[in-house]
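Peer 1: Residue numbers (my numbering), protein chains in the order written: chain A, 184 to 287; chain B, 203 to 430.
All residues carry an ideal CB built from backbone N, CA and C; glycine is no exception.
Can you keep this structure in mind? I'll have questions shortly.
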Amino acid sequence: MALGQFNRRENDKTQPKSLALIQVASGEIWGRTPRNGFEPAVQAYAGKLKNRRGIDFTTLIDPHPDGSPFEVRWYLTATPGVEYRCKDGEDFACIKAVVTNMQP
Amino acid sequence: MAKVKLSKYEPDYDITPQAIFWRALKYFTTMIREGEDGLDEFQAASFTIGNDIRFDLRTYAGHPEFTVTLYLPNDVKDKEEISRVIKIVIKEMVIPKNAIAWQRGEPFTYGDLKRPRGDRLREPEARILALKIAAQQPNRTASTQFIKREVPKYTELSEVDRRRSPSRGNEALWQQIVGNVISHQETPAGPFKKGYATRTLNGLSVTEKGMAYLNSMGFLASFTPLAE
Numbered sequence: 184m185a186l187g188q189f190n191r192r193e194n195d196k197t198q199p200k201s202l203a204l205i206q207v208a209s210g211e212i213w214g215r216t217p218r219n220g221f222e223p224a225v226q227a228y229a230g231k232l233k234n235r236r237g238i239d240f241t242t243l244i245d246p247h248p249d250g251s252p253f254e255v256r257w258y259l260t261a262t263p264g265v266e267y268r269c270k271d272g273e274d275f276a277c278i279k280a281v282v283t284n285m286q287p
Numbered sequence: 203m204a205k206v207k208l209s210k211y212e213p214d215y216d217i218t219p220q221a222i223f224w225r226a227l228k229y230f231t232t233m234i235r236e237g238e239d240g241l242d243e244f245q246a247a248s249f250t251i252g253n254d255i256r257f258d259l260r261t262y263a264g265h266p267e268f269t270v271t272l273y274l275p276n277d278v279k280d281k282e283e284i285s286r287v288i289k290i291v292i293k294e295m296v297i298p299k300n301a302i303a304w305q306r307g308e309p310f311t312y313g314d315l316k317r318p319r320g321d322r323l324r325e326p327e328a329r330i331l332a333l334k335i336a337a338q339q340p341n342r343t344a345s346t347q348f349i350k351r352e353v354p355k356y357t358e359l360s361e362v363d364r365r366r367s368p369s370r371g372n373e374a375l376w377q378q379i380v381g382n383v384i385s386h387q388e389t390p391a392g393p394f395k396k397g398y399a400t401r402t403l404n405g406l407s408v409t410e411k412g413m414a415y416l417n418s419m420g421f422l423a424s425f426t427p428l429a430e
């Protein structure tokens with residue numbers, strides 16, 4: 184059973200239209216190491232997109248408990264269920280998700 | 203002496219959200235920077251209190267309007283320490299209790315945070331808000347009318363705020379509250395008796411003492427004493 188709803192808002196740098204297509208097709212959401220962070224993490228807002236473009240998604244992976252009512256993270260090693268990905272020599276955290284493209 | 207100091211520098215540490223307030227970021231400070239990270243674009247201000255407390259106030263583009271999240275460094279993990287710091291921030295920035303939407307340790311549901319229906323602007327908060335608004339104007343002076351026009355940019359007016367004033371039928375309750383700040387000159391806790399402002403023909407003017415007070419809660423980056 185999928186957990187509650189999360190979303191990422193469209194923006195040119197970290198959530199462009201092209202990425203949403205990949206996320207829907209792959210059923211995966213990836214995240215880099217946050218600035219000054221200690222490891223890669225997927226970052227998202229909690230809840231559904233409201234009158235905004237981006238992606239809505241659900242996942243079976245519990246977010247890290249250090250989130251807030253508004254935002255969540257899934258850390259590569261600190262959050263159970265998160266998978267490792269590597270692309271062009273860069274490490275990523277990855278969660279499996281059912282993604283709805285709200286930024287066509 | 204300034205207790206809450208605005209930091210010129212962006213944090214060189216990762217952050218974790220620890221509390222949320224029902225107010226716009228401009229309510230807390232005039233020095234707001236734009237940024238972006240792996241989550242989204244955001245507006246932020248960084249602060250220190252003493253030698254051991256560092257925190258950010260941020261509103262991300264996907265956050266609800268008129269909310270601000272308090273972030274502490276990732277390495278602040280002890281629950282008692284987090285509570286201690288949140289308490290200090292609330293006290294030193296003079297954040298009213300009804301503005302606290304959530305803080306670490308309180309249960310929550312993702313994506314669900316509702317402002318209490320009875321929340322409204324009260325006079326103690328309106329006093330500080332009037333000072334904050336006037337402090338940013340030329341000669342640190344603003345009319346009551348101007349202050350009233352600006353207040354809704356700092357705090358989201360609730361249903362209770364918008365009700366008709368029982369004593370002034372042509373005004374909403376919140377407008378009467380703001381008007382009272384200026385007209386109740388003899389109130390011991392008011393800005394005039396405290397020396398934070400002087401009365402003008404149609405409003406108030408913030409004094410040096412008032413500016414220092416606002417500075418102490420991190421609202422102003424700095425201020426230059428007006429010429430005599």
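(1) Checking the sheet assignment: what are the DSSP bridge partners for I238 of chain A?
(2) Among residues of its own chain, excluding the 5 on either side of S367 of chain B, which ones have a beta-carbon nearer than 8 Å to its beta-carbon?
(3) Just to confirm my understanding: we take R319 of chain B, look at its own chain, exclude 5 residues before and 5 after, and list those with CB closer than 8 Å. What are they?
(4) Under 8 Å between C-beta atoms, does L227 of chain B make it to chain C?
(5) Which whole-angstrom value describes the C-beta separation of T218 of chain B and Y273 of chain B, a residue pair presumed to lie in contact below a C-beta threshold of 8 Å?
(6) Any chance the stretch 242-258 of chain B sits against the stretch 283-298 of chain B, with 3 or more Cβ pairs inside 8 Å?
(7) What in chain A is Cβ-close to T218 of chain B, meaning under 8 Å?
(8) Tell me, please, whether the CB atom of Y228 of chain A is closer than 8 Å to any CB atom in chain B?
(9) If you measure from the beta carbon of E266 of chain A to each beta carbon in chain B, is any gap under 8 Å?
(10) Taking the straight line between their C-alpha atoms, what separation do you get for C277 of chain A and L259 of chain A?
(11) Compute the beta-carbon to beta-carbon distance between L186 of chain A and D245 of chain A, rounded to the nearest angstrom, for a pair I have assumed lies under 8 Å.
(12) From the DSSP secondary-structure annotation, give me the bridge partner or partners of M419 of chain B.
(13) Is the shortest distance between the beta-carbon of R236 of chain A and the beta-carbons of chain B less than 8 Å?
(14) Please work out which residues of its chain come closer than 7 Å, Cβ to Cβ, to R365 of chain B, disregarding the five sequence neighbours upstream and downstream, and give them in chain order.
(15) What does V282 of chain A touch in chain B if you count any residue whose Cβ is under 9 Å from its own?
(16) Between the Cα of T242 of chain A and those of A:L204, A:T216, A:W257, spot the shortest distance and give me the residue it belongs to.
(17) Name the chain A residues that come within less than 9 Å of P213 of chain B, Cβ to Cβ?
(18) Run through chain A and tell me which residues come within less than 7 Å of F249 of chain B, C-beta to C-beta.
(19) Please report how far the alpha carbon of K395 of chain B lies from the alpha carbon of K200 of chain A, in whole angstroms.
(20) Does any CB atom of chain A fall closer than 8 Å to the CB of T343 of chain B?
(21) What separation, rounded to the nearest whole angstrom, lies between the Cα atoms of R218 of chain A and G240 of chain B?
(22) Give the straight-line distance between the Cα atoms of A246 of chain B and Y229 of chain B, rounded to the nearest whole angstrom.
(23) Which residue's Cα is closest to the Cα of F253 of chain A: A:Y228, A:C269, A:R268, A:A208?
Peer 2: A quick look at the data gives this:
(1) Paired residues: A:R191, A:N284.
(2) Closer than 8 Å at the Cβ level, and outside the excluded window around S367 of chain B, lie E373, A374, L375, Q377, Q378.
(3) Here R319 of chain B has S360, E361, V362 as same chain residues with Cβ atoms under 8 Å from its own Cβ, once five neighbours each way along the sequence are excluded.
(4) Among the protein chains in the structure shown, which are A and B, there is no chain C.
(5) T218 of chain B to Y273 of chain B, Cβ: 6 Å. Contact.
(6) A contact exists between the stretch 242-258 of chain B and the stretch 283-298 of chain B.
(7) Among the residues of chain A, those whose CB is under 8 Å from the CB of T218 of chain B are D249, following chain order.
(8) At least one chain B Cβ lies under 8 Å of Y228 of chain A.
(9) Not one chain B Cβ lies under 8 Å of E266 of chain A.
(10) In a straight line, the C-alpha of C277 of chain A is about 7 Å away from that of L259 of chain A.
(11) That pair is a contact at about 7 Å.
(12) Partner residues in the beta bridge of M419 of chain B, as assigned by DSSP, are B:V206.
(13) Not a single CB atom of chain B sits nearer than 8 Å to the CB of R236 of chain A.
(14) Around R365 of chain B: A374, L375.
(15) Residues of chain B whose Cβ lies closer than 9 Å to the Cβ of V282 of chain A do not exist, since the nearest Cβ in that chain is about 16 Å away.
(16) Taking the Cα of T242 of chain A as reference, the smallest distance to any Cα among A:L204, A:T216, A:W257 is reached at A:W257.
(17) Per Cβ cutoff of 9 Å: R218, N219.
(18) The premise fails here: F249 of chain B is roughly 17 Å from chain A at the closest Cβ pair, so nothing lies under 7 Å.
(19) The alpha-carbon atoms of K395 of chain B and K200 of chain A are separated by roughly 57 Å.
(20) No, no contact with chain A.
(21) Each residue's Cα considered, the two are about 8 Å apart.
(22) Between the alpha carbons of A246 of chain B and Y229 of chain B lies a gap of roughly 12 Å.
(23) Selected option, being the one with the closest Cα: A:Y228.
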